[in-house]
Structure formats: C-alpha cells, structure tokens
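Please read the structure below before turning to the comments.
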Amino acid sequence: MFKKYRKKSPWILHYNAGSCNGCDIEILACLSPKYDLERFGVINTGNPKQSDIFLVTGPVTYRSRERLVELYNQMPNPKVVVAVGSCTCTGGVFRGMYNVEDGIDRYIPVDVYIPGCAASPELIMDGVVKGLEILETKQKVSDDK
Ligand code: SF4
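For the sequence shown, position 76 matches number 75 in numbering that gives the first Met the number 0, and the numbering has no gaps at all.
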C-alpha cells in the first residue's frame, strides 16, 4: 500500500555534480517563499537515507561521479531522480570536456529530465511534482510484487 505521507511530504536530496551553481540557485529559489516548493511538503534534507527525490545538477565531473552513485545507493527504494538543467541531462555547455561525463544517466537512472541553462524555477517545480507521480507509481509496482 502506498504510504500517502510519502507523497505529501517528499524529502529531497540536492547534489551538485559539478555545476556552475546556476541551477543550484534556481533550486534554492524554488524553496523560497516566492515559489514555495515546501507547500508540497518538500524538505531539503542533507541525508540520503531519508530522501525520496534526488535532485542533481551538473554534468558529473570525474571527481563527483563516485559520490553521485554512493548517494543514490544510500537512498531507500522507491526513489526518483530528477536531472536539473541541460548539463545534467547531456553535459550541456560542458559536453565533451576532458573532465566531465556528459550527464548523469551514464551512472544512475533518471526519471525526470529538466532542460534549461539555467533550468527555470517553474520547470523545476513541475519536475518535482512529476517526480511525485512517478514515486507513487513505483511504490504501487513494488507493492504488487
Ligand atoms: S545547465 Fe547551465 S546554469 Fe545549469 S549548472 Fe549547467 S551550465 Fe550552470
């Protein structure tokens, strides 16, 4: 049975995998009173073991890739990964550089891709809400097994 409280109070984990900080600032804007992402019960937690939604920014540098996978593995199932910004989706402006991996889906599965450089707060809000729907579906699938 889907734990309704998880849908009503999803906790997010935000990780910068080598971004320029542009998308990170937009995520913080979403948490400010203007956009008020917290009205969906969202709390930005620093603990992967208590998180439902993994918000990642950046193209994945060689130095961040191990940490990215480690954090993902520490999150309980079901979980949702949201790639925030073009460089997280494909490498964006960093694509092809010697020290980046051109997006996070080479290392962890992505549920929602949010384009934009930087991704706008409106798209990030949409992406998180979409992530909540996916989280619910994943929970139902695991309940049916
Ligand atoms: S998508 Fe653009 S703004 Fe966002 S982290 Fe990458 S380079 Fe910065």
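Where is the CB? At the ideal position from N, CA and C, for every residue including glycine.
Nothing here was measured: the structure is a model prediction, and the numbers come from that model.
Asked, Found
"Shorter than 7 angstroms, the distance from the beta carbon of A16 to the closest heavy atom of ligand 1, or not?", "no"
"What residues are listed by DSSP as bridge partners for F53?", "L12, V80"
"Of all residues in the structure, which have a C-beta closer than 6 angstroms to any heavy atom of ligand 1, taken in chain order?", "S18, C19, G21, C22, T56, G57, G84, S85, C86, G91, V92, C116, A117"
"Do you know offhand how far F145's Cα is from E132's?", "The structure shown has nothing for residue 145, since the chain only spans 0 to 144."
"Report the option in V80, C22, V68 whose CA atom is closest to the CA atom of I11.", "V80"
"Under 8 angstroms, with one C-beta from each stretch per pair, do the segment 88–105 and the segment 123–141 reach the 3-pair mark?", "no"
"Look up M0 in the DSSP assignment and say whether it is helix, strand or coil.", "Unreliable placement is indicated for M0, whose pLDDT of 48 sits below 50; the coordinate value is still reported in the next sentence. M0 falls in the coil class under three-state DSSP."
"With a cut-off of 8 angstroms, do at least 3 Cβ pairs link the segment 41–49 to the segment 105–114?", "no"
"Could you say which of E37, P77, H13, A28 lies nearest to G142 if we only look at CA atoms?", "According to the sequence provided, residue 142 is Asp. The question's Gly does not apply to it. D142 has its Cα closest to that of P77, out of E37, P77, H13, A28."
"Is it right to say V140 is buried, meaning 16 or more other beta carbons lie within 10 angstroms of its own, or is it exposed?", "exposed"
"Out of G21, M74, R66, G57, point me to the one whose CA is closest to A82's CA.", "G57"
"Among all the DSSP beta bridges, which residues are the ones paired with V111?", "V81"
"Between which two residues does the alpha helix (DSSP H) harbouring L27 extend?", "21–30"
"Considering only the alpha carbon of each residue, which of P9, V59, E65, S31 lies closest to T44?", "P9"
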